[in-house]
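Chemist: For the sequence shown, counting from 1, position 157 maps to 157 in the UniProt record's numbering; every step adds exactly one.
Note that CB positions come from ideal geometry on N, CA and C, so glycine has one too.
Got a structure here, written out as structure tokens. Questions coming.
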Amino acid sequence: MVSPQITNLAIILAMMQLAKKVPFEDPQVLMLVRAMYILSNVLILGLYLFTQSKINGKKDMSTLKYVEPAPMGSGEEAKPITTTNMDYDKGQLRQLMRSQLMGVGMMGVMHLYFNYTNPLLIQSIIPLKSAIESNLVKIHVFGKPATGDLARPFKSGGGFMSQGAPKSDKASIENAEKNYRGGVKEE
Numbered sequence: 001m002v003s004p005q006i007t008n009l010a011i012i013l014a015m016m017q018l019a020k021k022v023p024f025e026d027p028q029v030l031m032l033v034r035a036m037y038i039l040s041n042v043l044i045l046g047l048y049l050f051t052q053s054k055i056n057g058k059k060d061m062s063t064l065k066y067v068e069p070a071p072m073g074s075g076e077e078a079k080p081i082t083t084t085n086m087d088y089d090k091g092q093l094r095q096l097m098r099s100q101l102m103g104v105g106m107m108g109v110m111h112l113y114f115n116y117t118n119p120l121l122i123q124s125i126i127p128l129k130s131a132i133e134s135n136l137v138k139i140h141v142f143g144k145p146a147t148g149d150l151a152r153p154f155k156s157g158g159g160f161m162s163q164g165a166p167k168s169d170k171a172s173i174e175n176a177e178k179n180y181r182g183g184v185k186e187e
């Protein structure tokens with residue numbers, strides 16, 4: 001299967017070529033592209049709200065323990081986290097919604113203040129594709145089992161400033177609980 005980053009790059013390149021041919025000077029075309037962007041964001045919001053209703057409906061109170069890596073360059077220790085699958089999923093969904101809202105804000109500034117129109121096409125497709133490919137949507141909407149790549153805690157996408165993936169093995173959890181301030185005290 002082709003990696004999502006490769007398909008995103010292919011979509012971006014294709015949309016950049018398409019944007020060169022779109023007559024954005026025509027007010028009707030511009031309104032159509034704006035409407036497509038708004039529809040895309042409404043679909044993403046609807047998908048996330050539907051996912052939230054599925055999470056609340058399942059009420060998965062299974063305990064989830066993992067070690068959250070310390071922020072890069074902070075010198076802090078890894079932090080042990082104990083939560084439920086439901087709370088973890090709600091937190092992940094909150095992050096997805098927040099990042100989508102930030103994207104809409106940035107797009108609003110780029111389009112309304114700087115008058116850039118070409119990114120409207122790309123931002124109508126890439127975020128919708130990313131929302132459909134998100135782990136939470138795969139688990140709660142498409143009904144895929146939470147195993148393998150979909151096992152909680154989700155692995156971060158990895159990148160230049162990533163802090164590393166959360167660890168969920170027993171040894172890491174016990175070590176972090178022992179070493180983290182306020183953790184398990186030995187007597």
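What residue from A70, L13 and F24 has the CA that sits closest to N115's CA?
Modeler: The residue you call residue 115 lines up with position 115 of the sequence shown. When each option's Cα is compared against that of N115, the closest is F24.
Chemist: Which of the three DSSP states is assigned to K185 in this structure?
Modeler: Your numbering for residue 185 matches position 185 in the sequence shown. Unreliable positioning characterises K185 in this predicted model, as indicated by a pLDDT of 47, which lies under 50. A coordinate reading is not provided.
Chemist: Could you pull the start and end residues of the beta strand (DSSP E) that E68 belongs to?
Modeler: On the sequence shown, residue 68 is found 68 positions in, with the first residue counted as 1. Taken as a continuous stretch (DSSP letters only), the beta strand (DSSP E) holding E68 covers T63 to E68.
Chemist: Can you list, in chain order, the stretches of the alpha helix (DSSP H) that have 4 or more residues and sit fully within the region 90 to 159?
Modeler: Runs found: 118 to 133 and 135 to 140.
Chemist: Indicate whether A165 and S172 have their beta-carbon atoms separated by less than 7 Å.
Modeler: Position 165 of the sequence shown, counted from the first residue, corresponds to residue 165. Position 172 of the sequence shown, counted from the first residue, corresponds to residue 172. No.
Chemist: Where DSSP assigns a beta bridge to P80, which residues make up the other side?
Modeler: The residue you call residue 80 lines up with position 80 of the sequence shown. BP columns for P80 point to V67.
Chemist: Note down the Cα distance separating P127 from L136, rounded to an integer number of angstroms.
Modeler: Counting from one through the sequence shown, the residue named residue 127 turns up at place 127. Counting from one through the sequence shown, the residue named residue 136 turns up at place 136. P127 and L136: Cα-Cα distance of roughly 15 Å.
Chemist: For A70, which residues from the same chain have a beta carbon less than 8 Å from its beta carbon, with the 5 sequence-adjacent residues on both sides left out?
Modeler: Position 70 of the sequence shown, counting from 1, holds the residue named residue 70. Result list for A70: E76, E77, A78, K79 and Q163, in chain order.
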